[in-house]
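**Q** For reference, the structure I am asking about is given below.
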Amino acid sequence: MKFLHENFLLHNDTSREIYAGIGDLPIIDYHCHLDPAAIAQNSRFENITALWLGGDHYKWRLMRHAGVAESHITGDAPDAEKFAAFCATIEDLIGNPVYHWAHLELWRYFGFDGVISSENAAEIYAMCNTQIEREDFNVHGLLKKSRVEWLATTDDPADSLEHHKKIARESAPGVPKVLPTFRPGGVLEIEKEGFASYIMRLGEAAGIKISDWDSLRAALENRLNFFAEAGCIISDHSLEPPEFYAGYSELTDADADAVLKQALRGEKLDYLQKVIYKTMLLSWLGGEYHKRDWVMQLHMGVQRNNNSRMLRLVGADSGFDCMSDEGFSWTLAQILDDLEARDALPRTILYALNPTADDMLATMTGNFAGRGIRGRIQWGSAWWFNDNKSGMVKHLVTLANHGIVANFIGMLTDSRSFLSYPRHEYFRRILAAQLGKWVEDGEFPGDMSRLSKIAQNIAYFNAKNYF
9 MKFLHENFLL HNDTSREIYA GIGDLPIIDY HCHLDPAAIA QNSRFENITA
59 LWLGGDHYKW RLMRHAGVAE SHITGDAPDA EKFAAFCATI EDLIGNPVYH
109 WAHLELWRYF GFDGVISSEN AAEIYAMCNT QIEREDFNVH GLLKKSRVEW
159 LATTDDPADS LEHHKKIARE SAPGVPKVLP TFRPGGVLEI EKEGFASYIM
209 RLGEAAGIKI SDWDSLRAAL ENRLNFFAEA GCIISDHSLE PPEFYAGYSE
259 LTDADADAVL KQALRGEKLD YLQKVIYKTM LLSWLGGEYH KRDWVMQLHM
309 GVQRNNNSRM LRLVGADSGF DCMSDEGFSW TLAQILDDLE ARDALPRTIL
359 YALNPTADDM LATMTGNFAG RGIRGRIQWG SAWWFNDNKS GMVKHLVTLA
409 NHGIVANFIG MLTDSRSFLS YPRHEYFRRI LAAQLGKWVE DGEFPGDMSR
459 LSKIAQNIAY FNAKNYF
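Reading the sequence shown from the start, the letters are residues 9 to 475 in my numbering.
Here it is, written out as structure tokens:
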């Protein structure tokens, strides 16, 4: 049987009928790391290596597993050799989602429906590069081809958002809306080297000299309003929740003020001082998001930059992160309860990288559901190391076990690649297969009207309504 075909992953008639109703729906990519400058400039690509492998740490990790030299991953080896090294890596990726993603990407954007191998790497390289030279093969063309309705990038509070403004001002037909996302990691990470200089840069962006807790909040409020004017409706936090242990009710603005002033003087902070600052700042920010009717995202359970030698050589976000095994249920509940008790909890999406937290997160959402909002607190898409077939199936089954899977807001790319949108197709096929399996196993009626509505909502309409 041919490897790639229109019924890929769809193993029964029910699944195939469900997928027929969702495969061509538009895409809402509410969390990604695409470069807004590339979208504003409608960038073109030098070759398939730059487009396909540049910045993709999923692929880089696998190439290292395969013994590929770093020169052929993030180094200065010729692009044709880097491409060939990845094709040789793909040959052994049985059971790995990148095997599926890579083939879907070449199929959907280049029409290649064969099997990638070291033997045909040079042929594929030449074929792709010929197509990349076409006039319409640019960022806008790829986004249109992917049927992206809107996407949200990930942006620092001190960013000028000049590229978002240019995109909004010069939007071309068929090009999606591009919204900024407010990600204040630099403000929260008070322990990081360079914190004081970052706060100075934030103050310059806001036109406010930051010297204490009140001026910090004034500057952040200025930037929140600035982001809102640019269309922002989402915030994003990468949290290490064990650092948020202090009881909110026990802390005061004076506590946060004292810690911030000490950090701005360049003095060392102890563990409790870091906790006080982060706890108070997150509490305040959550209330600001609620006032603006934004959605708050909390990403947890990641252990970053484990290989210090490679961090020095190639930098962060290069494939040297892993799952954390630290528990955080009590801390997370405190964060959410603090906001809920003050009637300041925004719609919130929770993500954890370690699947041992899956059942906890699925049940945590029920603690803060209600207020007449369908799916108010979401357990977000199977994320990073979990956005594979088994991870997505487990996510859907766990959601169904503990809540209403029909409320789920669906897939995101979390990607830096403009070729990543077949991940939505991959998810939609897995979704259709799981719904079909429940029906074929006699666990849900074969009511195609109801099944189609559930599938279409998860694939597209829930996210459209939620945001």
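Even for Gly, the Cβ is constructed at its ideal location relative to N, Cα and C.
(1) How long is the line joining the alpha carbons of Leu151 and Phe416, rounded to whole angstroms?
(2) Here's the rule: buried if 16 or more other CB atoms are within 10 angstroms of the residue's CB, otherwise exposed. What is Tyr279?
(3) Please state whether the Cβ-Cβ distance between Thr189 and Asp163 is less than 7 Å.
(4) Apart from the five residues just before and just after Tyr27, which ones in its own chain have a Cβ nearer than 7 Å to its Cβ?
(5) Roughly how many angstroms separate the alpha carbons of Asn274 and Ile198, rounded to a whole number?
(6) Answer yes if the stretch 331-341 comes into contact with the stretch 280-293, meaning at least three C-beta pairs across the two stretches below 8 Å, and no otherwise.
(7) Just the C-alpha distance for Ile218 and Ala227, rounded to the nearest angstrom, thanks.
(8) What distance in whole Å lies between the Cβ atoms of Gln342 and Ile242, which are believed to be in contact at a cut-off of 8 Å?
(9) Quick one: give me the first and last residue of the alpha helix (DSSP H) that Arg437 is part of.
(10) Measuring straight from C-alpha to C-alpha, what distance separates Ala238 and Ala176?
(11) Beta carbon of His410, beta carbon of Ala390: below 7 Å?
(12) Over the uninterrupted alpha helix (DSSP H) stretch that includes Trp387, give me the two end residues.
(13) Output the distance between the C-alpha atoms of Trp221 and Gly294, rounded to the nearest integer angstrom.
(14) Asn375: buried (16+ other C-beta within 10 angstroms of its C-beta) or exposed?
(15) Near Glu157, what residues of its chain come up, given a Cβ to Cβ distance below 7 Å and the 5 sequence neighbours on each side ignored?
(16) Hey, which unbroken runs of the beta strand (DSSP E) at 3 residues or more fall wholly within the stretch 116-192?
(17) Which runs of the alpha helix (DSSP H), 4 residues or longer, sit entirely within the stretch 56-109?
(18) Chain E beta carbons: is any one of them nearer than 7 Å to that of His171?
(19) Whose CA, out of Ala93, Ser457, Val303, Tyr107, lies closest to the CA of Arg191?
(20) Looking at the structure shown, is Ile462 part of a helix, part of a strand, or coil, going by DSSP?
(21) Hey, would you say Gly444 sits closer than 7 Å to Asn15, going by beta carbons?
(22) How far does the beta strand (DSSP E) with Val413 in it extend, from its first residue to its last?
(23) Distance, Cα to Cα, Ala88 vs Ile56?
(24) Would you kindly report the start and end of the unbroken alpha helix (DSSP H) that includes Met304?
(25) In whole angstroms, what is the alpha-carbon distance linking His13 and Tyr117?
(26) On the DSSP bridge list, what partners appear for Arg355?
(27) What residues in its chain sit with their C-beta under 6 Å from that of Ser326, if we drop five residues either side in the sequence?
(28) Do you know whose CA, among Glu54, Cys240, Glu78, lies nearest Arg317's CA?
(29) Within the same chain, show all residues whose beta-carbon is closer than 7 Å to that of Phe94, passing over the 5 residues directly before and after it, in chain order.
(30) For Arg431, which of Lys461, Lys397, Lys276 has the nearest alpha-carbon?
(31) Taking contact to mean 3 or more Cβ pairs, one atom from each stretch, closer than 8 Å, check whether the stretch 42-52 and the stretch 109-126 are in contact.
(32) Just to confirm, is the Cβ distance from Gly6 to Leu361 under 7 Å?
(33) Classify Ala360 as helix, strand or coil using the three-state DSSP reduction.
(34) Is the Cβ-Cβ distance between Val413 and Leu407 less than 7 Å?
(35) Give the DSSP-derived three-state secondary structure of Met372 in the structure shown.
**A** Working from what's here:
(1) Indexing the sequence shown from 1 puts residue 151 at position 143. Indexing the sequence shown from 1 puts residue 416 at position 408. Going from the Cα of Leu151 to the Cα of Phe416 covers about 24 Å.
(2) What you label residue 279 is simply residue 271 of the sequence shown in a count that begins at 1. Tyr279 is exposed by the Cβ-count criterion.
(3) For this step, residue 189 is matched to residue 181 along the sequence shown. For this step, residue 163 is matched to residue 155 along the sequence shown. Cβ distance < 7 Å, so Thr189 and Asp163 count as in contact.
(4) By one-based count along the sequence shown, residue 27 stands at place 19. Closer than 7 Å at Cβ, skipping near neighbours: Leu18, Arg436, Arg437, Ala440.
(5) Counting from one through the sequence shown, the residue named residue 274 turns up at place 266. Counting from one through the sequence shown, the residue named residue 198 turns up at place 190. What sits at residue 274 in the sequence shown is Gly, not Asn. About 10 Å.
(6) no
(7) Within the sequence shown, residue 218 is the residue found at index 210, counting from 1. Within the sequence shown, residue 227 is the residue found at index 219, counting from 1. Rounded to whole angstroms, Ile218 to Ala227 spans 7 Å at the Cα level.
(8) Numbered from its first residue, the sequence shown carries residue 242 at position 234. Numbered from its first residue, the sequence shown carries residue 342 at position 334. Wrong, their Cβ atoms sit about 23 Å apart, outside the cutoff.
(9) Here residue 437 corresponds to residue number 429 of the sequence shown, with the count starting at 1. Note, Arg437: alpha helix (DSSP H), 430-448.
(10) Position 230 of the sequence shown holds residue 238. Position 168 of the sequence shown holds residue 176. So the two alpha carbons sit approximately 9 Å from each other.
(11) Residue 410 sits at position 402 when you count from the first residue of the sequence shown. Residue 390 sits at position 382 when you count from the first residue of the sequence shown. No, the Cβ-Cβ distance between His410 and Ala390 is not below 7 Å.
(12) Counting from 1 along the sequence shown, the entry for residue 387 is found at position 379. Run containing Trp387: none in the alpha helix (DSSP H); it sits in the beta strand (DSSP E), 385-387.
(13) What you label residue 221 is simply residue 213 of the sequence shown in a count that begins at 1. What you label residue 294 is simply residue 286 of the sequence shown in a count that begins at 1. Rounded to whole angstroms, Trp221 to Gly294 spans 16 Å at the Cα level.
(14) Counting from 1 along the sequence shown, the entry for residue 375 is found at position 367. It counts as exposed.
(15) Looking up residue 157 in the sequence shown gives position 149. So the list reads Pro34, Ile35, Ile36, Pro184, once near-sequence residues are dropped.
(16) 156-160, 185-187, all fully within the stretch 116-192.
(17) 56-60, 65-73, 87-98
(18) Looking for chain E here will not work: only one protein chain is present.
(19) As a working note, residue 191 is residue 183 in the sequence shown. Minimum Cα distance to Arg191 is reached at Val303.
(20) Locating residue 462 in the sequence shown gives position 454, where the first residue counts as 1. Correct three-state label for Ile462: helix.
(21) Taking the first residue of the sequence shown as position 1, residue 444 is located at position 436. Taking the first residue of the sequence shown as position 1, residue 15 is located at position 7. Contact flag unset, no.
(22) On the sequence shown, position 405 is the one that residue 413 refers to. Element bounds for Val413: n/a, residue is neither H nor E.
(23) Mapped onto the sequence shown, residue 88 falls at position 80. Mapped onto the sequence shown, residue 56 falls at position 48. If you take the alpha carbons of Ala88 and Ile56, they lie about 9 Å apart.
(24) Here residue 304 is taken as the residue at index 296 of the sequence shown, counted from 1. Taken as a continuous stretch (DSSP letters only), Met304 belongs to no alpha helix (DSSP H), being part of the beta strand (DSSP E) at 303-308.
(25) As a first step, residue 13 must be located in the sequence shown, where it is residue number 5. As a first step, residue 117 must be located in the sequence shown, where it is residue number 109. Answer to the nearest angstrom: the Cα atoms are 15 Å apart.
(26) In the sequence shown, counting from the first residue as 1, residue 355 sits at position 347. In DSSP, Arg355 forms a bridge with Val303.
(27) As a working note, residue 326 is residue 318 in the sequence shown. For Ser326, where only same-chain residues beyond five positions count, the Cβ hits under 6 Å are His65.
(28) Reading the sequence shown from its first residue, position 309 is the one you call residue 317. Among Glu54, Cys240, Glu78, the Cα nearest to that of Arg317 belongs to Glu78.
(29) Taking the first residue of the sequence shown as position 1, residue 94 is located at position 86. Excluding five sequence positions before and after Phe94, the CB atoms of its chain that fall closer than 7 Å to its own CB belong to Leu61, Lys67, Met71, given in chain order.
(30) To locate residue 431, count along the sequence shown from 1; it is residue 423. With distances taken between Cα atoms, Arg431 lies closest to Lys397.
(31) no
(32) Only positions 9 to 475 of the chain appear in this structure, which leaves residue 6 out of reach.
(33) In the sequence shown, counting from the first residue as 1, residue 360 sits at position 352. Strand.
(34) The residue given as residue 413 occupies position 405 in the sequence shown. The residue given as residue 407 occupies position 399 in the sequence shown. With respect to the 7 Å criterion, Val413 and Leu407 are classified as neighbours on the basis of their beta carbons.
(35) Sequence index remark: in the sequence shown, residue 372 carries index 364 (1-based). It is helical.
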